[in-house]
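Going by the working numbering, the first residue of the sequence shown is number 49, and it counts up by one from there.
Everything below concerns the one structure shown next.
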Amino acid sequence: MPDYFLSSIEYLKGVGPQRALLLGKELGIFTYHDLLHHYPNRYEDRTKFYAIKDIHEEMPYVQVRGVIKSKELIGTGYKKRLVAQLEDKTGVLELVWFQGIQWVSEKIKPGVEYVAFGKPSRFGYNFNMPHPELDVWTDNFDKAQSLRPVYPLTEKLRAKYIDNKILGKLVQELLAQSKNHIIETLPSSILKKHELIGKQHAMQNIHFPKDNLALASAQKRIKFDELFFIQLKLLRLKHVRHVSFRGQIFSDSSLLTTFYNTHLPFPLTDAQKRVIKEIYADMKSGKQMNRLLQGDVGSGKTIVGFICMLLAIGSGAQCALMAPTEILAQQHYTNLKKHADAMHLPIALLTGSTKKSDRKNIHEGLLNGNIKIIVGTHALLEDPVQFKNLGLAVIDEQHRFGVAQRSKLWKKNEKIMPHVLVMTATPIPRTLAMTLYGDLDISIIDQLPAGRKPIKTVHRFDSHRLQVNQFLREQIEAGQQVYVVYPLIEESEKLDLKHLMDGYESISRAFPGVPLSIVHGQMKAADKEYEMQRFKKGETKIMVATTVIEVGVDVPNASVMVIENAERFGLSQLHQLRGRVGRGAAQSFCILMTDVKLSADSRTRINTMVQTNNGFEIAETDLRLRGPGDLTGTQQSGVLDLQLADLAKDQQLLQLAREEAIHLLETDPELEKPEHHGIRDAVRINKKSGLSWSKIS
Ligand code: ADP
Ligand code: MG
Numbered sequence: 049m050p051d052y053f054l055s056s057i058e059y060l061k062g063v064g065p066q067r068a069l070l071l072g073k074e075l076g077i078f079t080y081h082d083l084l085h086h087y088p089n090r091y092e093d094r095t096k097f098y099a100i101k102d103i104h105e106e107m108p109y110v111q112v113r114g115v116i117k118s119k120e121l122i123g124t125g126y127k128k129r130l131v132a133q134l135e136d137k138t139g140v141l142e143l144v145w146f147q148g149i150q151w152v153s154e155k156i157k158p159g160v161e162y163v164a165f166g167k168p169s170r171f172g173y174n175f176n177m178p179h180p181e182l183d184v185w186t187d188n189f190d191k192a193q194s195l196r197p198v199y200p201l202t203e204k205l206r207a208k209y210i211d212n213k214i215l216g217k218l219v220q221e222l223l224a225q226s227k228n229h230i231i232e233t234l235p236s237s238i239l240k241k242h243e244l245i246g247k248q249h250a251m252q253n254i255h256f257p258k259d260n261l262a263l264a265s266a267q268k269r270i271k272f273d274e275l276f277f278i279q280l281k282l283l284r285l286k287h288v289r290h291v292s293f294r295g296q297i298f299s300d301s302s303l304l305t306t307f308y309n310t311h312l313p314f315p316l317t318d319a320q321k322r323v324i325k326e327i328y329a330d331m332k333s334g335k336q337m338n339r340l341l342q343g344d345v346g347s348g349k350t351i352v353g354f355i356c357m358l359l360a361i362g363s364g365a366q367c368a369l370m371a372p373t374e375i376l377a378q379q380h381y382t383n384l385k386k387h388a389d390a391m392h393l394p395i396a397l398l399t400g401s402t403k404k405s406d407r408k409n410i411h412e413g414l415l416n417g418n419i420k421i422i423v424g425t426h427a428l429l430e431d432p433v434q435f436k437n438l439g440l441a442v443i444d445e446q447h448r449f450g451v452a453q454r455s456k457l458w459k460k461n462e463k464i465m466p467h468v469l470v471m472t473a474t475p476i477p478r479t480l481a482m483t484l485y486g487d488l489d490i491s492i493i494d495q496l497p498a499g500r501k502p503i504k505t506v507h508r509f510d511s512h513r514l515q516v517n518q519f520l521r522e523q524i525e526a527g528q529q530v531y532v533v534y535p536l537i538e539e540s541e542k543l544d545l546k547h548l549m550d551g552y553e554s555i556s557r558a559f560p561g562v563p564l565s566i567v568h569g570q571m572k573a574a575d576k577e578y579e580m581q582r583f584k585k586g587e588t589k590i591m592v593a594t595t596v597i598e599v600g601v602d603v604p605n606a607s608v609m610v611i612e613n614a615e616r617f618g619l620s621q622l623h624q625l626r627g628r629v630g631r632g633a634a635q636s637f638c639i640l641m642t643d644v645k646l647s648a649d650s651r652t653r654i655n656t657m658v659q660t661n662n663g664f665e666i667a668e669t670d671l672r673l674r675g676p677g678d679l680t681g682t683q684q685s686g687v688l689d690l691q692l693a694d695l696a697k698d699q700q701l702l703q704l705a706r707e708e709a710i711h712l713l714e715t716d717p718e719l720e721k722p723e724h725h726g727i728r729d730a731v732r733i734n735k736k737s738g739l740s741w742s743k744i745s
């Protein structure tokens, strides 16, 4: 039975109380289940021997066979090292040890044939192999060799003599004694259809693969499981919500008609119209809406949010818009207020810096229902904020809010949960959206307002600063405004500020007589706002800032974005920043400044930015480079409980897993059929082993 795997690891032969404690603390291994799922993070390929002449530094761990010709001690003090020459028919390789010199030196014998295993590295013009594993060559060496698992370990464990070999032995022991307890979870129809191997077989081969083929099959099977069970979970959540959470029915669209006929500032794009229809359908349905609105920067999500509010307000409810920063909340407020005033709808702003007396009035207005729209930061989540009837919660740039924070907002209506619209400008690749937001409905604005000129993006090295400055001067003379952005290095706020200030100074020197603004995270909200306003009004020409301007700020006349140390920014961040320009009539530019030296990843990021303006393409590259954890922010970790599956590489498998999960829920939602009992049990054991799903979204 599945409960077998919940046995404490302590009871496994070879473990005992002390090792159990260590395994738990260091690796999170508490049960048989945990150990079984502690997969190797790589495998040493002991199936092949390499010729020394073919060795280069970019190889992973390799195995070579040769005779030790000589050994000698070189250097003194911390430079002291033992160097041995290993020779095969094709050349000589240096083996080097910096530690344990005495012990190794006694062990190795010149004239004897060895197998050395390690990672080649470059030293001057030659290659060497630091700290190789050495074994004396014997005739049956290659028969015994295969793919050897290498497990994630910690220094502490090694210090307590729990090394790779020991861990491997424990896993072997567990596999031997638990074989008959590993039950197949998936019905044979699914296994056959997708050419998946059985669960037992997969578990055996993920730890001790016979060969590369067996390993690949095991990986495929386990990845499928991971993706399938996550999809199943998310889809069930969505299903439960659909059937059990009532939503207010909003059907009075008279405000909308008025707005369309008299105040709409520009014709909506087709994409905007389409998503508004989708959202309206949700709000009229009687079910609670949980919808993600995705749209690239500048695609016009704000007006969509406002138009949706009109439906709720028309039916007597109130609306909230929550933004992650004060600047952004302020800006949303300013934008919405124009529309709201035209429509005679009372609107208020509530942030951390709202005065106490104002705060009290706002609290009252929300409670008695006079205020129809409240815009704010997470100050909206505080307890004194109570609504008469919150009908729609719009959340902007959601990746900055924690899951728990968001759910607080919709508890603000105890009678009936408000409809929730989450807006994000971070394009999320489809696969990731399916996993992260598999329980939400998704609307996408895949079109920019007409007349936008694509932003021209270029890459310049710091050495070309004079030319860049000349270009900026010309743009400013032509009436344009410029952003210059410096990176935030999270480890040191002081250093950030220094970089920013140094930059500010050299800009003032390079642009005498040009009025400048500066905004950074350590300024008071009011001062930031003041500077933003000056820039927005055109009183200043260059805005020098840290990434505080990353989200949302809208200054149509700013047409040039200079990003300093662009190599330090992530792709999605670069894209967000670039989205700050390109909103007005003039041709816009984004200039990525970097050092001449760039890592391969940085180069890919910069090239991607230069080559495309498409947020979804950029997100795909970002996902490939960084993996999903970073992309979504730490709040989301835990949702992505994937060990082997990789959302960037396994998109196809994810698609299949999702289809199977949908099919399953359509045909047997309660998992009652005998062939689905394996799935039912697996869902149960996942729950017991502590994966908390109830908190998602
Ligand atoms: P984002 O989706 O990045 O939040 P905004 O809502 O801030 O984008 O819109 C960006 C700019 O485009 C704003 O100045 C807004 O007024 C303008 N805008 C939005 N929709 C349209 C449209 N259909 N036609 C022209 N301009 C639009
Ligand atoms: Mg926005």
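All C-beta atoms in this analysis are idealised placements derived from N, C-alpha and C, irrespective of residue type, glycine included.
No experiment lies behind these values; they were computed from the predicted model shown.
Buried or exposed for residue i, going by 16 or more other Cβ atoms inside 10 Å?
{"i": "N174", "result": "exposed"}
{"i": "D344", "result": "buried"}
{"i": "G114", "result": "buried"}
{"i": "M337", "result": "buried"}
{"i": "N260", "result": "exposed"}
{"i": "G166", "result": "buried"}
{"i": "W145", "result": "buried"}
{"i": "H19", "result": "Lying outside 49 to 745, the shown extent of the chain, residue 19 is not represented and no answer is given."}
{"i": "F756", "result": "The requested residue 756 does not occur in the structure, where the chain is confined to residues 49 to 745."}
{"i": "Y209", "result": "exposed"}
{"i": "F293", "result": "exposed"}
{"i": "A748", "result": "Coverage of the chain is limited to positions 49 through 745, which leaves residue 748 absent and any answer about it impossible."}
{"i": "V291", "result": "exposed"}
{"i": "L543", "result": "exposed"}
{"i": "M591", "result": "buried"}
{"i": "N461", "result": "buried"}
{"i": "F171", "result": "exposed"}
{"i": "F314", "result": "exposed"}
{"i": "G499", "result": "exposed"}
Can you tell me which of the three DSSP states residue i falls into?
{"i": "I503", "result": "coil"}
{"i": "M471", "result": "strand"}
{"i": "S554", "result": "helix"}
{"i": "K227", "result": "helix"}
{"i": "A99", "result": "coil"}
{"i": "V629", "result": "coil"}
{"i": "Y59", "result": "helix"}
{"i": "R582", "result": "helix"}
{"i": "P722", "result": "helix"}
{"i": "F251", "result": "It should be pointed out that residue 251 corresponds to Met in this sequence rather than to Phe. In this structure, M251 counts as helix in the three-state DSSP scheme."}
{"i": "I361", "result": "helix"}
{"i": "L54", "result": "helix"}
{"i": "R94", "result": "coil"}
For residue i, which of the options has the nearest alpha-carbon?
{"i": "Y126", "options": "L222, H179, Q147 and K504", "result": "Q147"}
{"i": "K117", "options": "I524, E154, H724 and E161", "result": "E161"}
{"i": "S636", "options": "E612, A164 and Q529", "result": "Q529"}
{"i": "H512", "options": "W151, P200, P180 and V644", "result": "V644"}
{"i": "M749", "options": "K385, V629 and F617", "result": "Outside the shown range of the chain, which is 49 to 745, sits residue 749, and nothing can be said about it."}
{"i": "K585", "options": "A705, A573, N416 and D602", "result": "D602"}
{"i": "S153", "options": "T138, V131 and K504", "result": "V131"}
{"i": "K721", "options": "T233, L222, Y52 and G159", "result": "T233"}
{"i": "K119", "options": "M107, Y109, E105 and L134", "result": "L134"}
{"i": "K268", "options": "V140, D694 and L712", "result": "D694"}
{"i": "V506", "options": "Q659, R732 and S55", "result": "Q659"}
{"i": "H81", "options": "S56, T95 and K73", "result": "S56"}
{"i": "A365", "options": "E430, K436, V423 and G561", "result": "K436"}
{"i": "R626", "options": "N661, F559, I566 and Q220", "result": "N661"}
Are the region 89 to 101 and the region 228 to 246 touching, with three or more C-beta to C-beta distances below 8 Å? no
Three CB pairs or more closer than 8 Å across the region 312 to 322 and the region 345 to 364: yes
Any 3 or more C-beta pairs closer than 8 Å across the region 665 to 672 and the region 468 to 483: yes
Count Cβ pairs between the region 298 to 316 and the region 264 to 280 that sit closer than 8 Å; are there 3 or more? no
Pairing CB atoms from the region 205 to 225 with CB atoms from the region 174 to 186, are three or more of them under 8 Å? no
Is it true that the region 386 to 395 meets the region 323 to 335, where meeting means three or more beta-carbon pairs spaced less than 8 Å apart? no
Count the CB pairs spanning the region 370 to 385 and the region 408 to 423 that are closer than 8 Å, and state whether there are at least three. yes
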